[in-house]
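S.K.:
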Amino acid sequence: MQQTAQLLAALTDALQSGQVRVVDLTQPLSPETPVINLPPIFGQSPPLTIECICQYDDTGPAWYWNTLHLGEHTGTHFDAPAHWITGRELANNTTDALPVERFIGPACVIDASREAAADPDFLVTRAYIQAWEAQHGAIPAGAWLLLRTDWSKRTGSDFLNDSHTPGFDADALRYLAHERDVKGVGVETVGTDAGQAGGFDPPFPAHNIMHGAGKYGLASLANLDQLPPQGAVVVAAPLKIVQGSGSPVRVFALVGA
Ligand code: 23J
Ligand code: MN
222 MQQTAQLLAA LTDALQSGQV RVVDLTQPLS PETPVINLPP IFGQSPPLTI
272 ECICQYDDTG PAWYWNTLHL GEHTGTHFDA PAHWITGREL ANNTTDALPV
322 ERFIGPACVI DASREAAADP DFLVTRAYIQ AWEAQHGAIP AGAWLLLRTD
372 WSKRTGSDFL NDSHTPGFDA DALRYLAHER DVKGVGVETV GTDAGQAGGF
422 DPPFPAHNIM HGAGKYGLAS LANLDQLPPQ GAVVVAAPLK IVQGSGSPVR
472 VFALVGA
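Residues in the sequence shown are numbered consecutively from 222, following our numbering.
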């Protein structure tokens, strides 16, 4: 108990002194936030709309608040296992049922920004991850595996890039889920799957494999270039939406200065 108290005091002291920094991994959320484009045969997620209830005026003289209308998977967001049919039968698979202690974990950051700049359809493979581990150490169980592509620095149509965006191949995802037991994968692109992943085997392998294994997803992350390859701690806690498939989320990392 004494030791635990010291541990937590050391953390709050380090945050206060700036020895530990907090890096915001979240994109701004607005009606301009890009939303994934699925083929027209599928239902579409709408862009965010914000309607002012009142702003210090007749309908609320001393207050300001808004009504939001948005898809669960808008902007920087969390994918719960129930988002995909492969995670449908798992216990505690929705946002309200996920154990809170699983929202925090060590981060491993794979930098594929050079490859993604050269080839927007670049896919991280098992061999690519193993080469990263040889250099930076094994991915610990319970880690968030974050893929840096610098996609968050793109704006406008360059961000969605006509569904040519980087990601993982199926074998890399099986390695992460089954041989490394990650908490989930996080990406800078609009979804955890590569832009062309609807045509992969299986289709959308990041969703299919990760959620089938009870793992999570984080999409539209920012500032991954400010994280070390290992050593940061990431916090990503979705809204407690009853039976929710996911949620917009404020994601941040604790990083040694
Ligand atoms: C539904 C269908 C395909 C995809 C997605 C959603 C996402 O990327 C998402 O936001 O979860 S690829
Ligand atoms: Mn999603």
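Glycine included, each C-beta is placed from N, C-alpha and C at the ideal position.
Contact between the segment 435–443 and the segment 397–405 is defined here as three or more beta-carbon pairs at a separation below 8 Å; is this criterion met?
M.R.: yes
S.K.: Rounding to the nearest angstrom, what Cα-Cα distance links Leu475 and Pro450 in this structure?
M.R.: If you number the sequence shown from 1, residue 475 lands on position 254. If you number the sequence shown from 1, residue 450 lands on position 229. For Leu475 and Pro450, the distance between alpha carbons rounds to 13 Å.
S.K.: Going by C-alpha to C-alpha distance, which of Arg323, Ile462, Ala458 sits closest to Arg471?
M.R.: Reading the sequence shown from its first residue, position 250 is the one you call residue 471. Of the candidates Arg323, Ile462, Ala458, the one whose C-alpha sits nearest the C-alpha of Arg471 is Ala458.
S.K.: For my contact list, Val455 and Trp365 are in at a C-beta cut-off of 8 Å; report their separation, rounded to the angstrom.
M.R.: Taking the sequence shown and counting its residues from 1, one reaches residue 455 at position 234. Taking the sequence shown and counting its residues from 1, one reaches residue 365 at position 144. With 8 Å as the limit, Val455 and Trp365 qualify as a contact, their Cβ atoms being about 5 Å apart.
S.K.: Whose C-alpha, out of Cys329, Gln227, Ala415, is nearest the C-alpha of Gln356?
M.R.: One-based indexing of the sequence shown puts residue 356 at position 135. Comparing alpha-carbon positions, the option among Cys329, Gln227, Ala415 lying closest to Gln356 turns out to be Cys329.
S.K.: Hey, would you say the C-beta of Ala440 is under 7 Å away from at least one heavy atom of ligand 2?
M.R.: In the sequence shown, the residue the question calls residue 440 occupies position 219. Checking every heavy atom of ligand 2 against the Cβ of Ala440, one is found closer than 7 Å.
S.K.: Report back the beta-carbon spacing between Pro255 and Val411 to the nearest angstrom; my notes put them in contact at under 8 Å.
M.R.: Here residue 255 refers to the residue found at position 34 of the sequence shown. Here residue 411 refers to the residue found at position 190 of the sequence shown. Indeed they touch by this definition, with Cβ atoms about 6 Å apart.
S.K.: Rounded to whole angstroms, what's the CA-CA distance from Gly388 to Pro426? Just pull it up for me.
M.R.: In the sequence shown, the residue the question calls residue 388 occupies position 167. In the sequence shown, the residue the question calls residue 426 occupies position 205. Roughly 10 Å between the two C-alpha positions.
S.K.: Leaving out the 5 sequence neighbours to the left and right, which residues in its chain are closer than 6 Å to Asn382 when beta-carbon positions are compared?
M.R.: As a first step, residue 382 is located in the sequence shown; it is residue number 161 there, counting from the start. Pro341.
S.K.: Are there any heavy atoms of ligand 2 lying less than 7 Å away from the beta-carbon of Asp300, as far as the coordinates show?
M.R.: Numbered from its first residue, the sequence shown carries residue 300 at position 79. For ligand 2, at least one heavy atom lies less than 7 Å from the Cβ of Asp300.
S.K.: Assess contact between the segment 405–425 and the segment 272–291, defined as three or more Cβ pairs (one per stretch) separated by less than 8 Å. Is contact present?
M.R.: Contact fails: fewer than three Cβ-Cβ distances are below 8 Å.
S.K.: What's the call for Thr315, buried or exposed, on a 16-neighbour Cβ count within 10 Å?
M.R.: Taking the first residue of the sequence shown as 1, we reach residue 315 at position 94. Its Cβ being crowded by 16 or more others within 10 Å, Thr315 is buried.
S.K.: Could you check the C-alpha separation between Ser384 and Tyr277 for me, to the nearest Å?
M.R.: Here residue 384 refers to the residue found at position 163 when the sequence shown is read from its first residue. Here residue 277 refers to the residue found at position 56 when the sequence shown is read from its first residue. Their Cα atoms are separated by approximately 43 Å.
S.K.: By DSSP's criteria, Leu475 is part of a beta bridge. Which residues make up the other side?
M.R.: By 1-based counting over the sequence shown, the position of residue 475 is 254. DSSP, once it has assigned bridges, lists Val243, Val454 as partnering Leu475.
S.K.: Determine the direct distance from the alpha carbon of Gln223 to that of Ala391, and round the result to whole angstroms.
M.R.: Here the question's residue 391 lines up with position 170 in the sequence shown. Here the question's residue 223 lines up with position 2 in the sequence shown. Looking at the two C-alpha atoms, the distance is approximately 46 Å.
S.K.: List the endpoints of the continuous beta strand (DSSP E) containing Trp353.
M.R.: Here residue 353 corresponds to residue number 132 of the sequence shown, with the count starting at 1. First-last for Trp353: 347–357, but that is the alpha helix (DSSP H), not the beta strand (DSSP E).
S.K.: For a test of the three-state rule: what should DSSP assign to Ser468, helix, strand or coil?
M.R.: Locating residue 468 in the sequence shown gives position 247, where the first residue counts as 1. Strand, per DSSP.
S.K.: Could you check what DSSP says for Ala443 in three-state terms: helix, strand or coil?
M.R.: As a position in the sequence shown, residue 443 is number 222, starting the count at 1. Coil.
S.K.: Return the first residue and the last residue of the alpha helix (DSSP H) that Asn429 is part of.
M.R.: In the sequence shown, the residue the question calls residue 429 occupies position 208. First-last of the alpha helix (DSSP H) with Asn429: 426–433.
S.K.: If you drop the 5 nearest sequence neighbours on each side, which residues of the same chain put their C-beta closer than 8 Å to that of Ala443?
M.R.: Along the sequence shown, one-based indexing puts residue 443 at 222. Once the five neighbours on either side are set aside, the close Cβ partners of Ala443 are Asp245, Leu246, Thr247, Gln248, Thr297, Ser373, Glu409.
S.K.: Roughly how many angstroms lie between the CA atoms of Glu293 and Ala348, to the nearest whole one?
M.R.: The residue you call residue 293 lines up with position 72 of the sequence shown. The residue you call residue 348 lines up with position 127 of the sequence shown. Glu293 and Ala348: Cα-Cα distance of roughly 33 Å.
S.K.: Beta strand (DSSP E) containing Arg395: first to last residue?
M.R.: As a position in the sequence shown, residue 395 is number 174, starting the count at 1. Arg395: not part of any beta strand (DSSP E); member of the alpha helix (DSSP H) spanning 391–395, first to last residue.
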